[in-house]
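Novice: Structure in structure tokens, see below.
Protein chains: 2
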Amino acid sequence: MPYRKKKDTEAQESLRIFKARIFQALANPTRIQILELLKEKERGVSELLECLNVEQSNASQHLAVLRSKNLVSTRKEGNQVFYSLRDPVLGKVLDSLKDFFQAHLEEAFEVLRGLD
Amino acid sequence: MPYRKKKDTEAQESLRIFKARIFQALANPTRIQILELLKEKERGVSELLECLNVEQSNASQHLAVLRSKNLVSTRKEGNQVFYSLRDPVLGKVLDSLKDFFQAHLEEAFEVLRGLD
DNA sequence: TTAGTATATTAGAATATGCCAATATACTAA
DNA sequence: TTAGTATATTGGCATATTCTAATATACTAA
Chain A
0 MPYRKKKDTE AQESLRIFKA RIFQALANPT RIQILELLKE KERGVSELLE CLNVEQSNAS
60 QHLAVLRSKN LVSTRKEGNQ VFYSLRDPVL GKVLDSLKDF FQAHLEEAFE VLRGLD
Chain B
0 MPYRKKKDTE AQESLRIFKA RIFQALANPT RIQILELLKE KERGVSELLE CLNVEQSNAS
60 QHLAVLRSKN LVSTRKEGNQ VFYSLRDPVL GKVLDSLKDF FQAHLEEAFE VLRGLD
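Going line by line, the protein sequences match chains A and B.
Under numbering that gives the first Met the number 0, read the first sequence as residues 0 to 115, first letter to last.
Under numbering that gives the first Met the number 0, read the second sequence as residues 0 to 115, first letter to last.
This is the structure we're talking about:
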């Protein structure tokens, strides 16, 4: 059944595109930091800004990326906006790299030393 | 001890940069497909090419990205080059998204339908 | 209304990425 | 050596990403 086979392949390709979009959203140190902060608990934007060491507009752009990929939810309370992880499973994706680090700490240290 | 605190922050920032580099390597459908193929077993480049539906030079470029991020190992045998996952833990990183998909299948289908 | 605070969006420049086409390199066989 | 096969690299263009600076929007308080 070649038709069915082709359909399956297209579906798998779409899934890979979907995965790639999510990994792309994770492919930035500031966005990783944001997600790690949200992994613990909901946070207001101003609280995030205190931790982030980037300009307000830049942080807002990164939050927009996370929103556009549907990785976070927002809640408005008066003047402020609170962000949270849309799905706690995302925390697991972030955590999944931990084992990899342990196996490749030397490389991580090279990055730390700027020898990369 | 503010000095210690600053050091920790720098190390954490370096770790986030390291993580981001790996997620960046995963942020492409063709590279995901390559890694999924390698997750099963070692593969020669020509075998990969048969599966990939991209030009040879393009595939080779994606393999170069995976090499530059140290995600794969290579082994030469005569005329051919065989690739394998450098660390099976990487397979877990790819798999970690599965739960996310199950929770967000609708979005995946939107991508499938091209409504994105 | 006006001023102030919190957050988001836009513009534009710099850099990175992805792709194709062409070329280079490495190995094998004749 | 020459020709052929397998893989990698380079050049160049199109698009995407990231950052800063500036501006816009939404809400609050006076």
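All C-beta atoms, glycine included, are put in the ideal place defined by N, C-alpha and C.
Given a limit of 7 Å on CB to CB distance, which residues of the region 4-29 of chain A reach chain B?
Specialist: Listed by position, the residues of the region 4-29 of chain A near chain B (Cβ gap below 7 Å) are Ala10, Glu12, Ser13, Leu14, Arg15, Ile16, Phe17, Lys18, Ala19, Ile21, Phe22, Gln23, Leu25, Ala26, Asn27 and Pro28.
Novice: Give me, in chain order, the residues of the same chain whose beta-carbon lies closer than 6 Å to that of His103 of chain A; leave out the 5 immediate sequence neighbours on both sides.
Specialist: None.
Novice: Quick check on the DSSP output: what are the complete alpha helix (DSSP H) runs of length 4 or more inside the region 7-40 of chain A, in order along the chain?
Specialist: DSSP runs (the alpha helix (DSSP H)) wholly in the region 7-40 of chain A: 28-39.
Novice: Among the candidates B:Arg15, B:Glu39 and B:Arg20, whose CA atom is the shortest distance from the CA of Asp94 of chain B?
Specialist: Answer by Cα proximity: B:Glu39.
Novice: Taking all protein chains shown into account, do 16 or more other C-beta atoms lie within 10 angstroms of the C-beta of Ala58 of chain A, making it buried, or fewer, making it exposed?
Specialist: The residue in question, Ala58 of chain A, is buried, as its Cβ has 16 or more Cβ neighbours within 10 Å.
Novice: Using three-state DSSP, classify Arg66 of chain B as helix, strand or coil.
Specialist: Of the three classes helix, strand and coil, the one that applies to Arg66 of chain B here is helix, per DSSP.
Novice: Nearest-angstrom Cα distance between Asn52 of chain A and Thr29 of chain A?
Specialist: Taking the straight line from one Cα to the other gives about 9 Å.
Novice: Suppose the cutoff is 6 Å on Cβ atoms and the five residues either side in sequence are ignored; what does the same chain contact list for Phe81 of chain A look like?
Specialist: Cβ within range, chain order: Glu41, Gly43 and Arg74.
Novice: Taking 8 Å as the cut-off, decide whether the C-beta atoms of Val92 of chain B and Phe99 of chain A are in contact.
Specialist: Result yes, Cβ atoms of Val92 of chain B and Phe99 of chain A sit closer than 8 Å.
Novice: In the region 49-76 of chain B, which residues sit with their C-beta less than 7 Å from some C-beta in chain A, listed in chain order?
Specialist: Per Cβ criterion, the list reads Asn69.
Novice: Who are the neighbours of Lys135 of chain B on chain A, taking C-beta pairs under 8 Å?
Specialist: Nothing can be reported for residue 135 of chain B: it is not among the residues displayed for chain B, which extend from 0 to 115.
Novice: Is DSSP giving Gly43 of chain A helix, strand or coil here?
Specialist: Note: Gly43 of chain A maps to strand in three-state DSSP.
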